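Residue numbers (the numbering used here), protein chains in the order written: chain A, 52 to 565; chain B, 14 to 432; chain C, 72 to 133. Cβ atoms here follow ideal geometry from the backbone N, Cα and C, with glycine treated the same way. Computed from a prediction, not measured in an experiment: that's the story for all the values here. Read the structure below first, then the notes.
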Amino acid sequence: MQVFVKIQKNRYIDSLETLQQTAVLNEQEGIETGYVGMATAVFKEVIEEIGLSTDEIQACSEADYVIVASAESKEAFKNAVKAITSDEKKESETEEKKYYGSISEAVNDHPRANLCQISVPGEYALAEVRKALNAGLHCCVFSNNVPLEDEREMKELAREKGLLCMGPDCGVANINGSALVLSSINNRGPFGIVGASGTGIQHVAAILHEAGSGVSQTIGTGGNDLKEPVGGITMLMGIDALEADPETKYIILISRKPADSVLEKLLARIREMKKPRVVFFMGCDRETIEETGSIYASNLDDCALRALEIIHNDYSLGSLEELKEIAKEAVKDMAPEQKYVRAAYTGGTYLDEGMRTMWEATGGIYSNAPLYPEYKLESGKEIQAHTAIDYGEEEFTLGRPHPAIDASIRKPAILKEAADPSTAVIILDFILTPPGHMDPCGYVVDDIRKAQEIAAERGGKIAFIASVLGTTADWQDIHKQEAELREAGVYVCRTNYRAALLASEIIRLRKEIA
Amino acid sequence: MTVAEKVAAANEKVMDIMTNGRPVWIDVKPAIEAVPGMEKNLILVPGPTIRPEDLPIPLKTAVSGAAVHDGLAKNIDEAWEMVMRGEIRIAPSQDYNCGNAASSVMSASMPVFVVEDKYSGGRGYCVPHPGSNPRVLRWGIYGDDVEENLSFIRGDYAAVLGEAVRKSGGIDLIRILSKTAGMGDENHNRQPAASMALALELVPWLLDVDHPARDRVIKEIAANDRFFLHVMMAGVEAIMQSAKKVPYSTVMTGMGGNGIEFGIQVAGTGNRWYTTKAPIIKGIFLNPTTTEKDLLGYLGDSCVTEVWGLGGMSAIAGPSYLRMTGGTFRDAKERTEKARQVSLGEHTFAPVPWDDYRGFPVGVDIRKVVGKNALPISHGGSALKTGGQAGAGAAELPMDCFRKAVEGLACEVKKLEGE
Amino acid sequence: MSDVSKILNLFRSELIVVNVGPRSFAEVLEKQGYEAVQVDWKPAAGGDKKMQELLEYLGGYE
């Protein structure tokens, strides 16, 4: 095997495309390992790691596009490169679609455009948002790692112009029925949601959908909107808009606990709201919320159910007793040394919810993003007693897409956790969204089966617990995804909260047995 | 006004000059009479500033040949020694509002086309195209036969042509380009239509000239389908003379290569050059045994036509040139689209029917080139290291020039702002 | 209370999205039945910070 390189200077191909190309490259005959990408620092590190680095690549700038592979012959590499690029060519030959170099060029040709979805690296977000707002476009900003002062500036400009600035770090928004960025596809209905947690919005909206209702609009503010420097600009505008929107009959507000000064301002606004509303501010007590005339929700599941109550819909997510029965079943074949929960989440909201829910039963959970500093793991690659890892953290996603899109980020977790004989429970979450993996559950079931084989060889059995966030309208279809998991012996819970409850039950039973 | 506003206003002014420019060919005169700053012992060479010892072989030959032609030296060896001793100076043509295509050079006695921009008042100059004979100074070749042709051009040819042009009262180059819109020329490396239209305008005036060499001159012009190029180069230089006087502007106003280095000029810094290693022109070769190793880097000033929106910038107007040099119609369209991405304006005088009747993009903004990381593509003929034409094709303009230009211009603006 | 007329306008209009980022984000919107206009974003000046500063000083490039 020998390393071959093809470099195209000053050619920008997005990582989503290059990942796909990497996959195609590695399928080619005569290719041992290959990698395709822009020559960023991260890219260079990766190829260094897999032994594909060359001086030529190290000398490239991040504007350069690189195909590198260890191949059995130059011919094989050439053919593989052709396979990647011919795919591309086919596309460009059949499509007459125009791609623009800037927002202003795009708007010039499409003067009726009204929303701009921006997912550029954080340091560039402000410049692009400014251009979009100045062109009169509402914004949905997926970019993360945007400095707070940039966020404030873009939101102040948006407010001045009367335009909506969702995000930065807005993962979920449903405008006029669309699923923007990483949202699920939802039915439309009477509920308008404003939320500072993308997963939170998606979670509540998905339950409303499955209960036969739906959303008018959902507005993601980004996780930092309710922090002091930003001051809740988007949440306040979102509330104003949904209050005035005739299609929105009821309003749901979702956030972690806002900063004190922001909370005060927000509560004052909520108090004046006219429409019935459910408020879930994680960490805010019942009185604070009810005092504003709003319906209090204790968690995301509760938030959805309280909302459904308003329209007299008695949708149920299942009982605690059901979970207890499953737990009894799950612990049956476990080996004595199986003691711990190991959770591999794709995002922070579910990680947080999972850890809080399981805290009492486990007595503490270590994490790369822990609830308390003393439970901090140096890296997400470590395992210590009860462990929950957020694979959406920067250490896993820097220079790569979100794990909901790139399912390979979290995939190794399954066999890694299964290799440890003390693992009793493995918790997984799955997110369905149009740009996401088309079969995220099917993608891991082989690993799950293999993990069970490994456990069985040791005389044990792992309890795999999973929840799928999505709807039947999602292209991946939540029911199909859940069925795939069940077939692989996974305990599928309706929600992440219930998955954590089930895990807690199992750990309690394990402790009792011990 | 903020810097941004001043830059915007300056660019508007330059674009006003470029898009409203009306180059009119008014005369043919010896360089020493026509070109301000021209001197007897000065020879203008293409491309950016270069030391004589660094000139590539074809330009050394052309400079030496021109010196002999002008009577400065008895033979080319003596001429070169005088150049090395500094008795004969060389300078970039574009610093004198002149253009020298390929390996052409301009000496004091050579006749030049004088073109005036009736809109801005600028004047530009270029020596006549020597015809289709491959043995010409224009490709770095000098000998008795070349000298004979040069003498003819300086003598009878210039006399006849000059009189005809003066009699005509001036030939409007915009009219030529308008008439030939949609005839398949990109007007830098392919201009048979424009040359024909120009000849049609000239011939009646030529027939009025009473000179024994008149018919020979008419035959020369009728047989030269690249005749228009050198007239147009003078026309572009006329427009650029005015454009180069606009401080703060980020619009490219000059470019050219001397085979070793390639350089660009920007309106806001006048005649300052921003240079880098000259790129190779990729395309076809006239001789199939030629390889890229035999090629000099980009050579000549004829690409000033591109500065004004012709050639690669408006590749879609002459798609056959791409066919010839190994491209497709689609490539031609993409080339022009790419130029549009980095240009500030569009000409209105020659809409291209198969491009939705759009005009040629014009006015390359160096900020767009650097910011968008998008390089315009220039057409060009390629030269052999030893002299002679190698072939024709295209080259991406080197990013390095544009980055240096952004730095240079920002530095100049800071000075003007007193920062 | 802020002026929300433009936001309500958005809610009442046909959604037309300008997508600045991965093409797949635009493609999935089209597949959902919405019009999406793709902007192929590249870092300014190939990511060169010094050039970005100078360009900003000279008034940007769009």
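### Three-way DSSP call (helix, strand, coil) for residue 271 of chain B in this model
strand
### Task
Give me the Cα-Cα distance between residue 435 of chain A and residue 417 of chain A, rounded to the nearest whole angstrom.
6 Å
### Message
Using only the alpha-carbon positions, how far apart do residue 424 of chain A and residue 191 of chain A sit?
### Response
33 Å
### Message
Just to make sure I have the definition right: I need the residues of chain B whose C-beta is within less than 8 Å of the C-beta of residue 88 of chain A. Which are they?
### Response
Simply none; closest approach about 17 Å.
### Beta carbon of residue 242 of chain A nearer than 8 Å to that of residue 223 of chain A
no
### Task
Tell whether a beta-carbon distance below 8 Å holds between residue 144 of chain B and residue 366 of chain B.
no
### Residues near residue 140 of chain A by beta carbon distance below 7 Å, same chain, minus five either side
Its pLDDT being 44, under 50, residue 140 of chain A is placed unreliably in this model, and the coordinates cannot settle the point.
### Task
Quick one: which residues of the segment 384-407 of chain B get their C-beta closer than 8 Å to a C-beta of chain A? List them in chain order.
385, 386, 387 and 388
### Message
Beta-carbon within less than 7 Å of residue 437 of chain A's beta-carbon, same chain only, minus the 5 sequence neighbours each way: which residues are those?
### Response
391, 392, 413, 415, 416 and 417
### Query
What number of angstroms, rounded off, separates the C-alpha of residue 468 of chain A from the C-alpha of residue 76 of chain A?
29 Å
#### Entry: Span separating the alpha-carbon of residue 83 of chain A from that of residue 194 of chain A
34 Å
### Query
Would you call the segment 339-350 of chain B and the segment 278-287 of chain B touching, i.e. three or more CB-CB distances under 8 Å?
no
### Message
So with CB distances below 7 Å, who are the chain A contacts of residue 113 of chain C?
### Response
63
#### Entry: Neighbouring residues, chain A, relative to residue 105 of chain C (Cβ below 7 Å)
229
### Task
Taking residue 114 of chain A as the query, report the chain B residues whose CB atoms sit under 7 Å from its CB, ordered along the chain.
386
### Query
Three or more beta-carbon pairs under 8 Å between the segment 169-186 of chain B and the segment 288-308 of chain B, yes or no?
no
### Message
Does any residue of chain A have a CB that is nearer than 8 Å to the CB of residue 133 of chain C?
### Response
yes
### Query
Does residue 22 of chain B have its Cβ less than 8 Å from a Cβ in chain C?
no
### Task
Identify the contact partners of residue 420 of chain B in chain C, using a Cβ-Cβ distance below 9 Å as the criterion.
121, 122 and 125
### Message
Does chain B have any CB closer than 8 Å to the CB of residue 117 of chain C?
### Response
yes
### Task
Run down chain C in chain order and give the residues with a C-beta less than 8 Å from the C-beta of residue 282 of chain B.
Correct list: empty, because the minimum Cβ distance to chain C is about 12 Å.
### Proximity to residue 391 of chain B [Cα-Cα], best of B/233, B/311, B/21 and B/240
B/311
### Task
Give the single residue among A/79, A/71 and A/116 whose Cα lies nearest to the Cα of residue 91 of chain A.
A/116
### Message
In this structure, how does DSSP classify residue 396 of chain A when only helix, strand and coil are distinguished?
### Response
strand
### CB contact below 8 Å: residue 485 of chain B versus chain A
Coverage of chain B is limited to positions 14 through 432, which leaves residue 485 of chain B absent and any answer about it impossible.
### Query
In chain C, which residues lie with their C-beta within 9 Å of the C-beta of residue 168 of chain A?
88, 89, 90, 91, 92, 96, 97, 100 and 107
#### Entry: Same chain, Cβ closer than 6 Å to residue 398 of chain A, neighbours up to 5 away in sequence not counted
250 and 443
### Query
Does the beta-carbon of residue 141 of chain B have 16 or more other beta-carbons within 10 angstroms, so that it is buried, or is it exposed?
buried
### Query
Can you list the residues of chain C that residue 171 of chain A reaches, using a CB-CB cut of under 9 Å?
91, 92, 112 and 114
### Task
Confirm, please, whether the CB-CB distance from residue 116 of chain B to residue 75 of chain B is below 8 Å.
yes
### Message
For the beta strand (DSSP E) containing residue 19 of chain B, name the first residue and the last one.
### Response
Run containing residue 19 of chain B: none in the beta strand (DSSP E); it sits in the alpha helix (DSSP H), 16-33.
### Query
Hey, does residue 180 of chain B have any beta-carbon neighbour from chain C nearer than 8 Å?
no
### Query
How about residue 14 of chain B and residue 264 of chain B: do their beta carbons lie closer than 8 Å?
no
### Query
Do the segment 215-230 of chain B and the segment 353-365 of chain B make contact, defined as three or more Cβ pairs closer than 8 Å?
no
### Task
Express the C-alpha separation of residue 64 of chain B and residue 41 of chain B in angstroms, rounding to a whole number.
30 Å
### Task
Return the Cβ separation of residue 123 of chain A and residue 205 of chain A in integer angstroms, given the expectation that the two are a contact with Cβ distance under 8 Å.
The Cβ separation is near 51 Å, so there is no contact.
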